[in-house]
Every structure is written in C-alpha cells, then in structure tokens.
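Here's the structure, in structure tokens; my notes come after.
Residue numbers (this note's numbering): 1 to 363.
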C-alpha cells in the first residue's frame, strides 16, 4: 500500500511539474522500461485531468460572475460626452439591446470554447491563455462598438489578434498554429519590411495544432532559398534553443533550453521549453543552436512562469506529408540544406528574419 501511495505522489509531482529535471528524466525512463508502471501513470494522469476539468468549469463560473459584476456599459459611454442629439436618442432606446448583445457575444465565445474542446483538459490549449485573450477581445469590441455609435464611424475589419508564421519553402508556403487562424474571416501576413500579403489557409491539423498557409498575393515575390532545415529526430533534454517571433510589432528573439520531452500533461506531440514567450509567439519556429527547426511554438502554461510548449518538428513534417502535392499549384519543397549551421547566433537571426512573418487574423 505504501508503495502505491508513493507512486501516486510521484505521478502528481510529475503532473504538477514539481519534480527536478533529473527526477523527470529518471521517472520517464522508468515508464519506458516498465509497461505496467506506464499504464498506472497514464490512468492516474487521466484522473487528474478529469479533476482539473471540473475545477476549470468552477473557475469559469466564478470568472463569468466577476465579469458580469464588472460589466458597466453606461460608464463606457460616459467617456464620450459630446453625443449628437439623434445618437443620444438612439442610445437611450437601444442601450439595453447593446448590453444584451455584448453578453450574448460572451456566452457565444464560451460555448464555442466548450463545443470545440478548447476548454477541455485533454486538449493542447486547455491551460493556455486563449480564454483570457477572448474575454479581452470582447471587452475591446464592445468599447469599439460604442465608439462607432457615438462617432458614426463603422469599421469593417477589426484585427482580433496576431501570431507568428515562418516559411516552409521559398514559394510562399508558411506554417503557423491552427489556433492562431481558427475561425478567421481573413488572414494576412506581414514581413520584416512591413509589407502585407493576403494568404489562404491550405491545410489544417487541429490535433497537431498546425496550419499551412499559402501567400496568395500578386505583390509577393518568391524568397531566396530557405536557410534552415527541419529536424526529423528528437532533440536532447537541456539543449539550448531559441525562438524568433512577433509578440509585438517588431521581431523579438528569445533564448532558453529544452526542459522536457513532453508537453502539458505528458503530451508526446510537444516539447516543454523554458523560454519567455507571449501569445504573439504562437506559430513561430523553435530553433536549435545549429539552425535546425525542432518545433513550432504553440503556447505557454499560465500557472508556471517560463514554461512554454512547442509541437515537435516531426509532427509538422507528418502534417505536410499529408497534403496531396497534386492538389497544389506549386509543390512544397522542403529545404534539405542548412546554411545556418556554421554561423553564430547573431548571423543566424539576421539571415532568418526574411522568413519569419507576423500573422494578422481578422474577423
């Protein structure tokens, strides 16, 4: 009985990331060597995820109640004192409708999160910051709507959020996260020179959180040969890694190390990395010191500072191989020659910047 209790304590320490790096390595090695132990670990991890899912629902209810208490449409309008007489009348008549519309928008977003599984502890995005981002977008959209009523200016396209994408080949094929472009009305990418191009979504793989885009814009000119390659084998624990992405309007470099072979909750599709990332980094490349792409940054864990995740490059290549090349106007030709290997980090970053794009999502 004592050994079973000790095992449960170890599993929970593993799940809540309370183990030291050496303990994680030893525990994962034991799982690989002992199939019965691995089955017990998986069963208990599923139990912990179920408990967490229940806790998430309770937390959601509390968050909704707090948001309802804070919702004060009238105070937003009070910021804009000079309202024309006609618009004042319209506001007085329809302000309740506006508040209801905003509330409906909130519930619609939450229902979508539940129905698509994004609020399920078994999905990759369960512990990320997407819900918070969606709630903030609703608040901003509500403010923009009130501004439009008072100023009689209608905005046709409002950018909802942005992420990062990077080139798969020189002829306009890019990769980003599926959750970055999900439900978008239109998607554009912007290069490091500030030039924007319309893109089409060519392929999605929600399981791997991968989306392949193609630049469908007459102003786009093919890039030079892609300087990096995509690693097919797993990288080493503790290996130095870095990211390049767009958490803000200009490109940002981040440095860290590979801290676990698995992602959130033991997810074998992803690595865990100790590196500072923000929502805009989603879809950016995770690079090793030799200039190989070893993953696609997919998000961060909100409860642990510095803990982030990246889909392994092997699963990216698997997704690309699922695309029928015959259905494409131009084939996706993955570069097999790495020209970054002999360069120092500064030179690598300079050479890569033309291949990293900001992904702008419009609804």
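Ideal Cβ placement from N, Cα and C applies to all residues, glycine included.
* Asked: Among all the DSSP beta bridges, which residues are the ones paired with residue 245?
  -> Taking the first residue of the chain shown as position 1, residue 245 is located at position 245. In DSSP, residue 245 forms a bridge with 252.
* State the beta-bridge partners of residue 382 as determined by DSSP. => Lying outside 1 to 363, the shown extent of the chain, residue 382 is not represented and no answer is given.
* Can you tell me which of 194, 228 and 210 puts its alpha carbon nearest to the alpha carbon of residue 372? => Shown here, the chain extends from 1 to 363; a query on residue 372 therefore has no answer.
* Is it buried or exposed for residue 93, if we count other Cβ within 10 angstroms and need 16 for buried? -> Locating residue 93 in the chain shown gives position 93, where the first residue counts as 1. Here the model assigns residue 93 a pLDDT of 49, short of 50, so the residue's position is not dependable, and the following value carries that caveat. Classification for residue 93: exposed.
* Asked: Thinking C-beta only, is residue 169 closer than 8 angstroms to residue 332?
  -> The residue you call residue 332 lines up with position 332 of the chain shown. The residue you call residue 169 lines up with position 169 of the chain shown. Cβ atoms of residue 332 and residue 169: closer than 8 angstroms.
* Out of 167, 249, 256 and 287, which has the shortest C-alpha to C-alpha gap to residue 213? -> Here residue 213 corresponds to residue number 213 of the chain shown, with the count starting at 1. The shortest Cα separation from residue 213 among 167, 249, 256 and 287 belongs to 167.
* Is DSSP giving residue 18 helix, strand or coil here? -> Mapped onto the chain shown, residue 18 falls at position 18. Coil at residue 18, not helix or strand.
* Asked: Between which two residues does the alpha helix (DSSP H) harbouring residue 313 extend?
  -> Position 313 of the chain shown, counted from the first residue, corresponds to residue 313. Where residue 313 is concerned, the enclosing alpha helix (DSSP H) stretches over 313-321.
* To do: Tell me residue 173's beta-bridge partners as DSSP assigns them.
  => To locate residue 173, count along the chain shown from 1; it is residue 173. For residue 173, which the question treats as bridged, DSSP gives the partners 214.
* To do: Could you say which of 9, 289, 50 and 311 lies nearest to residue 260 if we only look at CA atoms?
  => As a working note, residue 260 is residue 260 in the chain shown. Here the closest residue by C-alpha is 311.
* Rounded to the nearest angstrom, how far is the Cβ of residue 277 from that of residue 233, given a contact under 8 angstroms? -> Position 277 of the chain shown holds residue 277. Position 233 of the chain shown holds residue 233. No, residue 277 and residue 233 are not in contact; Cβ-Cβ is about 24 angstroms, not under 8 angstroms.
* If you follow the beta strand (DSSP E) that residue 187 is part of, which residue opens it and which one closes it? -> As a working note, residue 187 is residue 187 in the chain shown. Taken as a continuous stretch (DSSP letters only), the beta strand (DSSP E) holding residue 187 covers 186-190.
* To do: Classify residue 9 as buried or exposed, calling it buried when 16 or more other Cβ atoms lie within 10 Å of its own Cβ.
  => Taking the first residue of the chain shown as position 1, residue 9 is located at position 9. Burial call: exposed.
* Asked: Relative to the ligand ATP, is the shortest distance from any of its heavy atoms to the C-beta of residue 268 smaller than 7 angstroms?
  -> With respect to the ligand ATP, the structure shown offers nothing to examine, as it has no ligands at all.
* **Local conformation of residue 348 per DSSP, three classes** => Here residue 348 corresponds to residue number 348 of the chain shown, with the count starting at 1. The answer is helix: DSSP assigns residue 348 an H, G or I state.
* **Selection from 204, 174 and 193 that minimises the alpha carbon distance to residue 183** => To locate residue 183, count along the chain shown from 1; it is residue 183. It is 204 whose Cα lies nearest to the Cα of residue 183.
* State the beta-bridge partners of residue 258 as determined by DSSP. => To locate residue 258, count along the chain shown from 1; it is residue 258. Bridge partners of residue 258: 273.
* **Sequence-distant residues of its chain with Cβ nearer than 7 angstroms to residue 269 (five each side left out)** => Indexing the chain shown from 1 puts residue 269 at position 269. Result list for residue 269: 208, 263, 311, 312 and 315, in chain order.
* To do: Reducing DSSP to helix, strand and coil, say where residue 200 ends up.
  => Start at 1 with the first residue of the chain shown, and residue 200 comes out as number 200. In the structure shown, residue 200 sits in a strand (DSSP, three-state: E or B).
* Beta carbon of residue 41, beta carbon of residue 5: below 8 angstroms? -> On the chain shown, residue 41 is found 41 positions in, with the first residue counted as 1. On the chain shown, residue 5 is found 5 positions in, with the first residue counted as 1. Not closer than 8 angstroms, so no.
* Leaving aside the five residues before and after residue 351 along the sequence, list all residues of the same chain whose C-beta is less than 8 angstroms from its C-beta, in chain order. => The residue labelled residue 351 in the question sits at position 351 within the chain shown. If we look at residue 351 and ignore the five residues flanking it on each side, its Cβ neighbours are 227, 339, 340 and 343.
* To do: Report, in whole angstroms, the separation of the C-beta atoms of residue 231 and residue 296, which I expect to be a contact under 8 angstroms.
  => Against the chain shown, residue 231 aligns to sequence position 231. Against the chain shown, residue 296 aligns to sequence position 296. Wrong, their Cβ atoms sit about 12 angstroms apart, outside the cutoff.
* In this structure, does DSSP put residue 43 in helix, strand or coil? -> Here residue 43 refers to the residue found at position 43 when the chain shown is read from its first residue. Correct three-state label for residue 43: helix.
* May I have the straight-line CA-CA distance separating residue 114 from residue 51, to the nearest angstrom? => The residue labelled residue 114 in the question sits at position 114 within the chain shown. The residue labelled residue 51 in the question sits at position 51 within the chain shown. Only weak support is given to the placement of residue 114: the predicted model assigns it a pLDDT of 49, under 50, and the value that follows is read from those uncertain coordinates. The alpha-carbon atoms of residue 114 and residue 51 are separated by roughly 16 angstroms.
* Asked: Since residue 16 contacts residue 265 with CB under 8 angstroms, what's their CB separation in whole angstroms?
  -> To locate residue 16, count along the chain shown from 1; it is residue 16. To locate residue 265, count along the chain shown from 1; it is residue 265. Wrong, their Cβ atoms sit about 10 angstroms apart, outside the cutoff.
* C-beta contact flag for residue 284 and residue 356 at 8 angstroms -> Here residue 284 refers to the residue found at position 284 when the chain shown is read from its first residue. Here residue 356 refers to the residue found at position 356 when the chain shown is read from its first residue. For residue 284 and residue 356, yes; Cβs fall inside 8 angstroms.
* **Supposed close pair residue 291, residue 275 - CB separation, criterion 8 angstroms** => Working through the chain shown from its first residue, we reach residue 291 at position 291. Working through the chain shown from its first residue, we reach residue 275 at position 275. So it is not a contact: roughly 17 angstroms between Cβ atoms.
* Helix, strand or coil at residue 228 according to DSSP, with G and I counted as helix -> Position 228 of the chain shown, counting from 1, holds the residue named residue 228. The answer is coil: DSSP assigns residue 228 none of H, G, I, E or B.
* **residue 62 classed as buried or exposed, judged by whether at least 16 other C-beta atoms fall within 10 angstroms** => The sequence position of residue 62 within the chain shown is 62, counting from 1. The residue in question, residue 62, is exposed, as its Cβ has fewer than 16 Cβ neighbours within 10 Å.
* So the beta strand (DSSP E) residue 356 belongs to, where does it begin and stop? -> Taking the chain shown and counting its residues from 1, the one referred to as residue 356 is at position 356. Taken as a continuous stretch (DSSP letters only), the beta strand (DSSP E) holding residue 356 covers 356-362.
* To do: Return the chain-ordered list of same chain residues with a C-beta closer than 8 angstroms to the C-beta of residue 222, the five sequence neighbours on each side being excluded.
  => Start at 1 with the first residue of the chain shown, and residue 222 comes out as number 222. If we look at residue 222 and ignore the five residues flanking it on each side, its Cβ neighbours are 170, 171 and 172.
* Asked: What is the DSSP secondary structure of residue 364, reduced to helix, strand or coil?
  -> Absent from the structure is residue 364, since the part of the chain shown begins at 1 and ends at 363.
* With a CB to CB cut of under 7 angstroms and the five nearest residues on each side skipped, what residues in its chain are close to residue 346? -> Numbered from its first residue, the chain shown carries residue 346 at position 346. Excluding sequence neighbours, residue 346 sits near nothing in its chain.
* Could you please give the first and the last residue of the uninterrupted alpha helix (DSSP H) stretch that includes residue 334? => Taking the chain shown and counting its residues from 1, one reaches residue 334 at position 334. Where residue 334 is concerned, there is no enclosing alpha helix (DSSP H), given that its DSSP letter is neither H nor E.
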